[in-house]
Structure formats: C-alpha cells, structure tokens
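Report on the following structure.
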Amino acid sequence: MEKHVVGISQYIAPVDSVREVVKLAGGLSKVPKTAKVFIKPNIVFWSKSVSFPKWGVITTSRVMADVVKLLVEHGINDITIGEGTVVLDPKDKETQEDAYQKLGYRSLEKQYGVKCVNVFDRPFEKVDLGDNVSLNFNKDILDSDLVVDLPVLKTHAQTVVSLGIKNLKGTIDIKSRKKCHNVDGDRDLNFYVSKLCNNFPNILTIIDGIYSNERGPAFEHRKINYDLLVASWDVLSADFVGSTILGHSPDQVPHLAHAARFRSRPMDMTDINIQGLELESVASFHNHTFPYTEDNSLPLSMAKMGISGITYPKYDSSLCTYCSLLTGAVLASIAMSWKGSPWPNVEVLTGKLMKPTPGKKSILVGKCLFEAHKKNPDLKDAIFVKTCPPDPGKIIEALNQSGVALEPSILLNLDQFPALFMKKYANKPEFDESFYKI
Ligand code: SF4
2 MEKHVVGISQ
12 YIAPVDSVRE
22 VVKLAGGLSK
32 VPKTAKVFIK
42 PNIVFWSKSV
52 SFPKWGVITT
62 SRVMADVVKL
72 LVEHGINDIT
82 IGEGTVVLDP
92 KDKETQEDAY
102 QKLGYRSLEK
112 QYGVKCVNVF
122 DRPFEKVDLG
132 DNVSLNFNKD
142 ILDSDLVVDL
152 PVLKTHAQTV
162 VSLGIKNLKG
172 TIDIKSRKKC
182 HNVDGDRDLN
192 FYVSKLCNNF
202 PNILTIIDGI
212 YSNERGPAFE
222 HRKINYDLLV
232 ASWDVLSADF
242 VGSTILGHSP
252 DQVPHLAHAA
262 RFRSRPMDMT
272 DINIQGLELE
282 SVASFHNHTF
292 PYTEDNSLPL
302 SMAKMGISGI
312 TYPKYDSSLC
322 TYCSLLTGAV
332 LASIAMSWKG
342 SPWPNVEVLT
352 GKLMKPTPGK
362 KSILVGKCLF
372 EAHKKNPDLK
382 DAIFVKTCPP
392 DPGKIIEALN
402 QSGVALEPSI
412 LLNLDQFPAL
422 FMKKYANKPE
432 FDESFYKI
C-alpha cells in the first residue's frame, strides 16, 4: 500500500526548521523552478485599530517568511500570497491591506517580488467538487501549479479542528462560504468543508504549530506555545496527524471522516508514514467546544454569574462567518449589562435553524431567520435584526426593546473588542509579538 508521508518537527530556528520539516515530508525536488506558487496563510480575523492575541489564531509571519525564503532558495520566482479575511463591512478593503502591511508581507514583496492579493479583489471561478457540490474559488489559486497551505494548529468550535483543508475556505467567495453553512444535516458544513481540497492536485501543507489554539478559530481562548511544525504533500494526511496532535481522533472529526470516505482512505492512519518526531510524544488534548449549560441555554460562564431571564442558545453549524464574528461581542455585552435582576424571559436566536419558543420575547438575528419566520403569524412580537451582516446597532436596539438595557460600548466599538483579551498575555515572554513581524 502506498503510504503518505507526514513530517513532524520542532520549530527551533528560522528557515532551518521549515526546511527540515519539508525535507521530512519529501522535499521540494519535484517542484520545477518555473512553478507558479500560491501561498495561503490563515488570517481568520484582523483589527486595524488594536493589538490582539494572534498566537494560534493567525499564521506566524516567521513561518511565512521562512517558506518564501525556502521557495526562493529553490529557484522559484512566481509567488503569490492570497487571503480573504472576512470583515463586517463587505466594502472594507483596508483591513486586509493593514494585515498584509503589519504582518510584514509587503516587505516580502519588496525583497523577493512576492505578490499579495486580497481574494475579494480578484476573479472567482466555479469549481465542481463532486457529489453535486460546486463552489466559487479564487482564480489565482486555481491557476497556480503548487499551493502552499499554511494553516495554524487549532481546534474549531464548529468543525472540531481547522487545519489544511479548512484553511482553503478562505479562498472561496462569500456566497460559497454561506452555502457551506448548509441546513441539510446530511450535507452540512462538515460535508462542504471536506470537499474544499478536491480540486488541487499539488498542495504542500505546512501546519504552523509555533502556537496552538484551543476553542478556536479566534482570539478568546487558551493559546499554547507549542513550537511544532507538521508537513505533508497530502493535505488529508497532514490534517489526520494535526488533528491527532490536538487530541482528536480523525474519525471524530466529521469533515476529515467525510474526506477519507470520499477517497476510500482508512481512518486508522495505517496508510500514513510519519517521519521525525513521534506522534504520541507531541499530542496534547485541545478542547474545541465553548462550554454551555446542559440545557444549551447560556454559556456556562454566564450561567455561573447567575444571569437569568435570557437565553442565547449555542451556535450551530448553520451560523456563518458574519454572524459568528458578532457572537462573542454580543455575549460579552450581555454579561457586562447584568445587574442582578432577572430579565423578562428574552431569547436571542442565531444561524438558520433556530426556532422561537412560545411565550418568550424572541430576538431573531440575521437575514436568514428573518426570511424563515417573517410570515409566521404567531411571531407578531418577535424582534428581527433583518440584515446580513447583522447591524450591531440594531442588535443593541433589539435587546433594549426587549427589556435588556444593553451596555453598548463593545458593539459600538467592535474593532477595539479584541484588545480586551491581550491583558492575560502581559509579562508572558513566550507569547512573542515578533513572530508576527518580518
Ligand atoms: S444572516 Fe448570518 S447565518 Fe444568515 S447568511 Fe448572513 S451570516 Fe450567515
């Protein structure tokens, strides 16, 4: 049986560590010097205004620079870096540019002639991914000879892990991203995500585990200085190994299980040949779910504060990026507004599938729930936040109208919110910002 090679190594030194893990995975010898290369980092979120915890959230600029140097050293001179970071205002092009500048990508442009593209400024092309799934991908990545996929070693609240396959979601257009958060249980988010790598024969995946992230994909939860790299010429094998390192058996990660079935691959990794460090020696359990009450009514931390008279059922996989960008901020605002007196039986519903509870004051957030329930005669008193993306100001109004006097500062200054999470990293030298500079 042909075995897929996966390299695991420690991150010790610039360029040499990336060179070592790529060598363990089989090296670059088959890549012609004329190859057009597209590098896909993971910049899942960005703020122009404040510094926020990037550790385990965003691909380190250190690994990005090391990869570029390695490719240039190999003789490659056609390199494009591309990402499609989602921002609440679809017309906002400044945030992606700010990320590229502050992460040092523009200096790679000057030094090595690398091009940096915002995928939303570029054309998309519809791609048939099999099983009646088609999504619109960025044309630059489709036109490349080699994709270097640079995900971060992280767990994910909706998809258990977010590694090489999931990282490719940042190269599809917004319509396709919404399509992935499908309401059909048999063809849900995990099913769609499993298809993302079907059209790229040449992907070199290098999982950046200098920092890992628990309960990702964003900045709120525990980060670990892990100093690890994983690489493979087979993205599914890289993800199997990455997932196992994060403490999640691949058969418990639905999108990996779907992708393995689609390729008739065994789930027990018997077709994977690991080179370098031993898998067991580097694995450590990373939780992926946001802890909620048993009845799914509130985050556990809010229930422990004694908050009552409001429910905010846990997100499901139909909730897509714009709405999930707001979830943490709305919950933090509700927690900040609690003064100890029960609120008047309010519920806040999100995503595409949730249904209002009779007798509650329901707030339905987003265009999807508006479209699904706007004609329901039993919902005369429900409050809709009708748009996609949902307007933060309208969410404040809706909560105020329902009897929850919401502390508005977080939602009115969303760009500042991530800075609140920086405090816990003060005086911890292992959380080093210089990994995000070139
Ligand atoms: S309203 Fe929310 S759930 Fe609906 S498409 Fe927009 S982001 Fe997705």
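Residues 2 to 439, numbered by the numbering used here, are exactly what the sequence shown covers, in order. Just so it is clear, CB atoms sit at the ideal spot from N, CA and C, and this is done for glycine as well.
Please tell me whether, using a cut-off of 8 Å, the distance from the CB of residue i to the nearest non-hydrogen atom of the ligand SF4 is below it.
i, result
"cysteine 181", "no"
"glycine 367", "yes"
"lysine 353", "yes"
"proline 390", "yes"
"cysteine 117", "no"
"threonine 322", "yes"
"serine 319", "yes"
Could you give the first and the last residue of the continuous beta strand (DSSP E) run that contains residue i?
i, result
"arginine 107", "Unbroken run through arginine 107 is the alpha helix (DSSP H), 106–113; no beta strand (DSSP E)."
"glycine 277", "273–277"
"leucine 332", "First-last for leucine 332: 322–338, but that is the alpha helix (DSSP H), not the beta strand (DSSP E)."
"asparagine 119", "116–119"
"asparagine 261", "The question names asparagine, but residue 261 is alanine in the sequence shown. First-last for alanine 261: 255–263, but that is the alpha helix (DSSP H), not the beta strand (DSSP E)."
"aspartate 228", "224–233"
"lysine 362", "362–366"
"glutamate 98", "Glutamate 98 -> not in any beta strand (DSSP E); alpha helix (DSSP H) instead, spanning 95–103."
"asparagine 191", "Premise fails: asparagine 191 lies in the alpha helix (DSSP H), 190–195, not in any beta strand (DSSP E)."
"aspartate 433", "No beta strand (DSSP E) holds aspartate 433; DSSP gives it neither H nor E."
"isoleucine 80", "79–84"
"isoleucine 9", "5–11"
Over what stretch of residues does the alpha helix (DSSP H) that includes residue i continue unbroken?
i, result
"serine 177", "175–181"
"tyrosine 212", "Premise fails: tyrosine 212 lies in the beta strand (DSSP E), 204–217, not in any alpha helix (DSSP H)."
"alanine 239", "236–246"
"valine 19", "17–25"
"leucine 301", "301–305"
"serine 282", "280–283"
"proline 393", "393–402"
"valine 64", "62–74"
"leucine 413", "410–413"
"leucine 143", "140–143"
"isoleucine 166", "165–168"
Do you know how far the Cα of residue j is from the Cα of residue i?
i, j, result
"isoleucine 273", "aspartate 93", "43 Å"
"leucine 237", "threonine 160", "15 Å"
"threonine 312", "lysine 361", "10 Å"
"phenylalanine 192", "glutamate 98", "32 Å"
"glutamine 402", "proline 300", "23 Å"
"glycine 367", "glycine 243", "34 Å"
"valine 405", "isoleucine 396", "11 Å"
"isoleucine 13", "phenylalanine 422", "27 Å"
"valine 118", "lysine 180", "23 Å"
"isoleucine 275", "valine 6", "6 Å"
"leucine 415", "methionine 270", "43 Å"
"leucine 247", "lysine 375", "42 Å"
"serine 319", "glutamate 74", "44 Å"
"glycine 165", "aspartate 150", "6 Å"
"leucine 230", "lysine 356", "43 Å"
"proline 202", "leucine 407", "50 Å"
"proline 345", "leucine 400", "11 Å"
"alanine 1", "tyrosine 212", "Because the chain here runs from 2 to 439, residue 1 falls outside it and cannot be looked at."
"threonine 61", "leucine 104", "8 Å"
"alanine 330", "glycine 28", "44 Å"
"alanine 36", "leucine 413", "46 Å"
"alanine 420", "proline 54", "8 Å"
"methionine 306", "proline 33", "59 Å"
"isoleucine 44", "valine 349", "29 Å"
Taking its Cβ as the centre, do 16 or more other Cβ atoms sit within 10 Å of residue i, making it buried, or is it exposed?
i, result
"leucine 154", "buried"
"aspartate 189", "buried"
"valine 386", "buried"
"alanine 427", "exposed"
"threonine 156", "buried"
"lysine 41", "buried"
"threonine 245", "buried"
"methionine 2", "exposed"
"proline 251", "buried"
"glycine 473", "Outside the shown range of the chain, which is 2 to 439, sits residue 473, and nothing can be said about it."
"valine 162", "buried"
"serine 285", "exposed"
"asparagine 377", "exposed"
"threonine 358", "exposed"
"lysine 170", "buried"
"proline 218", "buried"
"methionine 303", "buried"
Looking at residue i and the ligand HEM, is the gap between the Cβ and the nearest heavy atom below 8 Å?
i, result
"lysine 41", "The ligand content of the structure shown is limited to the ligand SF4, which means the ligand HEM is not among them."
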